[in-house]
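Notes for the one structure printed next.
Protein chains: 2
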Amino acid sequence: MAGTRFAPGPAFGRSRVPGMTAEVEMRDFSNDHRWLSINTATVRKQGNLVEIVDALARHGIRGISPWRDQVADVGLDRAVKAVRDAGLELSGYCRGGMFTADAAHLEEARDDNRRAVDEAAALGAPCLVLVVGGLPQYSRPGSTPSKDLAAAQTMVEEEIGVLLDHARKAKMPLAIEPLHPGYAADRACVNTMRHALDICDRLDPAKSGDVGLAVDLYHVWWDYELFDQIRRAGRSRILAFHVCDWLVPTNHLLLDRGMMGDGVIDIRKCRAAVEAEGFAGYSEVEIFSQDNWWQRPMDEVLSTCIARHKTVV
Amino acid sequence: MAGTRFAPGPAFGRSRVPGMTAEVEMRDFSNDHRWLSINTATVRKQGNLVEIVDALARHGIRGISPWRDQVADVGLDRAVKAVRDAGLELSGYCRGGMFTADAAHLEEARDDNRRAVDEAAALGAPCLVLVVGGLPQYSRPGSTPSKDLAAAQTMVEEEIGVLLDHARKAKMPLAIEPLHPGYAADRACVNTMRHALDICDRLDPAKSGDVGLAVDLYHVWWDYELFDQIRRAGRSRILAFHVCDWLVPTNHLLLDRGMMGDGVIDIRKCRAAVEAEGFAGYSEVEIFSQDNWWQRPMDEVLSTCIARHKTVV
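One line per chain: the protein sequences are A and B, in this order.
Heads up, the working numbering is the position in the first sequence plus 3, with the first residue counted as 1.
Heads up, the working numbering is the position in the second sequence plus 3, with the first residue counted as 1.
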């Protein structure tokens with residue numbers, strides 16, 4: 004399945020992209036949702052993983068990106084079977100990471116991440132998404148509190164290197180997800196594509212594709228270097244592409260993400276940029292929205308995702 | 004007064020800074036609060052500007068950084084007199100900016116910024132702090148809505164260049180404040196020191212000091228390039244230094260900033276870095292805190308600022 008990641012979509016064509024100076028070659032999403040994937044966090048309050056898989060099949064959605072806790076909730080074997088029986092492809096597996104820990108919690112973190120790689124392989128994921136962790140007391144609770152963010156960043160890089168050995172044996176690419184700087188303390192101290200790519204360059208100078216990025220627009224849309232860093236990443240480093248929208252105002256730092264089109268991100272311009280590098284995988288919708296989308300029926304959320312995928316992604 | 008900006012403090016000494024590998028030369032703040040300045044937003048709910056000036060004098064605080072709306076509220080002449088009579092020095096004037104506007108609102112934005120420069124000069128500020136604006140519909144309400152952040156960034160740079168002519172005549176340095184990426188859409192689309200310094204390099208390659216940065220740790224603490232960019236900025240580009248703290252969790256994107264020591268920022272390490280470049284001005288406390296510090300008596304807030312200035316700044 005990993006091989007499908009860069010397979011061209013069925014309908015390439017020339018589209019005019021707002022904000023870009025020339026016409027660019029990008030896939031036409033307006034007629035179908037072949038390249039829509041749903042990250043299961045988007046409907047996590049509305050059903051368990053098996054129910055989500057059923058709903059995706061009902062809506063003709065072909066891509067899914069499950070979260071580990073939702074897989075654990077139904078059991079790995081049942082999750083594997085449900086995904087396979089529904090004919091779904093994974094666009095990623097969420098998530099490994101939380102690498103920052105004190106010495107007493109380090110082995111626990113390493114074991115946990117090796118298991119995440121193995122689960123991703125069992126599910127046929129094209130990559131394991133990494134939310135790398137912030138300060139150790141938040142990433143691995145019980146760890147000695149620290150304010151040393153630089154030390155956390157160093158540890159993240161070392162531990163991705165450690166995990167990479169296991170991931171290579173399992174043929175599971177690792178996708179570092181730069182998270183919005185608002186999460187630097189507690190979730191991820193890698194907050195820009197530049198930083199994530201610096202890490203990739205050091206760990207995998209050959210650009211083998213074994214380590215790359217999950218580009219989630221919610222986290223990186225604001226960056227004045229976004230388009231330069233997408234070019235720098237290139238085809239071998241862009242392992243996943245996540246969309247939602249940034250709302251103004253944003254009422255909660257974590258749980259108030261917007262449906263595509265409801266916020267200020269020029270999503271199509273960003274998709275054009277990753278596709279210009281050769282990315283031709285799924286456009287994965289990941290929305291944490293405690294007061295809005297998590298309150299609506301699953302079918303309504305999925306129908307809306309399909310509609311917005313066609314019109315604004 | 005601008006000349007005092009880089010005057011050495013009275014008590015230099017060698018201090019051991021946590022997280023730094025060697026002893027560094029930095030001012031000793033533990034015995035007095037000579038280099039404490041209060042940004043008036045910190046106590047904006049507790050009194051008007053004249054009342055704040057009185058309170059600062061009562062607490063032996065020598066630095067102040069007023070906001071324009073608070074100055075306007077008591078009148079510029081009265082503000083100038085109050086500050087002068089109390090023997091206060093300004094560490095900055097907040098704020099110019101909001102440069103992004105559609106054509107119909109552009110002249111209004113330019114007039115507004117020229118007035119901000121003139122007010123800063125009248126008050127004897129060492130610099131005018133610039134919050135540059137985000138998308139035009141938020142920066143200058145009524146402007147045509149746009150999602151083109153790159154265009155906003157281009158406009159910001161051009162308009163700082165336009166304002167710079169007036170600012171140079173008024174001998175008023177412009178301090179670009181990179182704001183946390185959480186404010187990219189609505190307040191400032193310059194979100195990293197790297198971006199702000201790129202702008203400075205283009206507008207003032209001679210490093211005259213006419214344009215530089217306000218380094219507010221709340222906005223830049225998370226950046227893996229923070230210390231590299233502080234070194235790049237150097238003495239001529241660091242015009243102001245603002246402190247508060249990043250709370251975990253942060254309950255409001257704008258109005259839940261922490262008192263120094265209550266969050267996760269290693270403030271002293273950051274101060275050591277700017278002082279290593281030659282910065283020897285005020286450490287300005289700017290805390291927006293609707294549910295905590297804005298609810299407490301002004302004297303309690305100021306006493307706490309003094310105590311934390313000595314122990315954690």
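Quick reminder that beta carbons are idealized off the backbone N, C-alpha and C, glycines included.
What residue from A:Phe244, A:Lys174, A:Asp265 has the CA that sits closest to Leu126 (chain A)'s CA?
Of the candidates A:Phe244, A:Lys174, A:Asp265, the residue whose Cα lies closest to the Cα of Leu126 (chain A) is A:Lys174.
If you scan the segment 122 to 158 of chain A from start to end, which runs of the beta strand (DSSP E) of 3 or more residues do you find wholly inside it?
Qualifying beta strand (DSSP E) stretches, in chain order: 131 to 134.
Identify, in the order they occur along the chain, each residue of the same chain with its Cβ nearer than 7 Å to the Cβ of His198 (chain B), setting aside the five sequence neighbours on each side.
Pro181
Cβ of His108 (chain B) less than 8 Å from any chain A Cβ?
no
Over what stretch of residues does the beta strand (DSSP E) that includes Tyr96 (chain A) continue unbroken?
96 to 100
Closest by C-alpha distance to Ala123 (chain B), when choosing among B:Arg235, B:Asn51, B:Ala82, B:Val53:
Ranking the options by Cα distance to Ala123 (chain B), first place goes to B:Ala82.
What are the start and end residues of each continuous beta strand (DSSP E) run of 3 or more residues lying completely inside the segment 153 to 190 of chain A, in chain order?
177 to 179
Which of helix, strand or coil DSSP assigns to Pro21 (chain B):
Residue confidence for Pro21 (chain B) is low, a pLDDT of 44 falling below 50, so the modelled location carries little weight and cannot support an answer.
Identify every residue that forms a DSSP beta bridge with Ala199 (chain B).
Ala199 (chain B) is not bridged to any residue.
Would you call the segment 254 to 262 of chain B and the segment 210 to 219 of chain B touching, i.e. three or more CB-CB distances under 8 Å?
no
For a cutoff of 8 Å on Cβ pairs, would you count Lys313 (chain A) as touching chain B?
no
Can you give me the Cβ contacts of Val46 (chain B) inside the same chain, cut-off strictly under 6 Å, excluding the 5 residues immediately before and after it?
Ile55, Met301, Val304
Is Val251 (chain B) close to chain A? Criterion is C-beta to C-beta, closer than 8 Å.
Yes, Val251 (chain B) lies at the interface with chain A (some Cβ there is under 8 Å from its Cβ).
Near Leu229 (chain B), what residues of its chain come up, given a Cβ to Cβ distance below 6 Å and the 5 sequence neighbours on each side ignored?
Contacts found: Val223.
Can you tell me whether Ser40 (chain A) is helix, strand or coil according to DSSP?
In the structure shown, Ser40 (chain A) sits in a strand (DSSP, three-state: E or B).
Measure the Cβ-Cβ separation of Arg171 (chain A) and Ala119 (chain A) and say whether it is below 8 Å.
no
Contact criterion: CB-CB distance below 8 Å. Does Ala275 (chain B) meet it with respect to chain A?
no
DSSP beta-bridge partners of Asp248 (chain B)
B:Gly261
Interface partners of Val267 (chain A) on chain B, CB under 7 Å:
Here the neighbours are Leu138, Lys150, Ala188.
Quick check: the Cα distance between Gly145 (chain B) and Pro139 (chain B), rounded to an integer number of angstroms?
8 Å
Could you check whether the Cβ of Ser149 (chain B) sits closer than 7 Å to any heavy atom belonging to the ligand SAM?
Absence of the ligand SAM from the depicted structure is noted, as is the absence of any ligand whatsoever, leaving it without description.
Within chain A, partners of Pro184 (chain B) - CB distance below 7 Å
His183, Pro184, Trp225
Check whether the segment 232 to 242 of chain A touches the segment 275 to 287 of chain A, taking contact to mean three or more Cβ pairs, one atom from each stretch, closer than 8 Å.
yes
Let me check understanding here. Comparing Cα to Cα, which of B:Cys130, B:Gly50, B:Asp189, B:Arg299 lies closest to Ala155 (chain B)?
B:Asp189
Can you name the residues of chain B whose CB is closer than 7 Å to the CB of His198 (chain A)?
Tyr227
Return the Cβ separation of Ile290 (chain B) and Cys247 (chain B) in integer angstroms, given the expectation that the two are a contact with Cβ distance under 8 Å.
Cβ-Cβ separation between Ile290 (chain B) and Cys247 (chain B): approximately 5 Å, consistent with a contact (criterion under 8 Å).
Given this structure, state the Cα-to-Cα distance separating Asp76 (chain B) from Val53 (chain B), to the nearest angstrom.
10 Å
How would you list, in chain order, the residues of chain A whose beta-carbon sits under 7 Å from the beta-carbon of Gln156 (chain B)?
Tyr227
According to DSSP, is Ile241 (chain A) helix, strand or coil?
strand
Just the Cα atoms here: how many angstroms apart are Arg311 (chain A) and Arg271 (chain A)?
Straight-line Cα distance between these residues: approximately 11 Å.
Taking the runs of the beta strand (DSSP E) that are 3 residues or longer, which of them lie wholly in the segment 47 to 108 of chain A?
66 to 68, 96 to 100
Taking just the CA atoms, how far does Ala187 (chain A) sit from Met101 (chain B)?
Spanning the two alpha carbons is a distance of roughly 27 Å.
Our contact map puts Leu131 (chain B) next to Cys192 (chain B) with C-beta atoms below 8 Å; I'd like the distance itself, whole angstroms only.
About 19 Å separates the two Cβ atoms, so there is no contact after all.
Determine the direct distance from the alpha carbon of Leu257 (chain A) to that of Arg143 (chain B), and round the result to whole angstroms.
28 Å
Candidates B:Gly137, B:Asn42, B:Ala128, B:Phe32: which alpha carbon is nearest Ser292 (chain B)'s?
For Ser292 (chain B), the nearest C-alpha among the options comes from B:Asn42.
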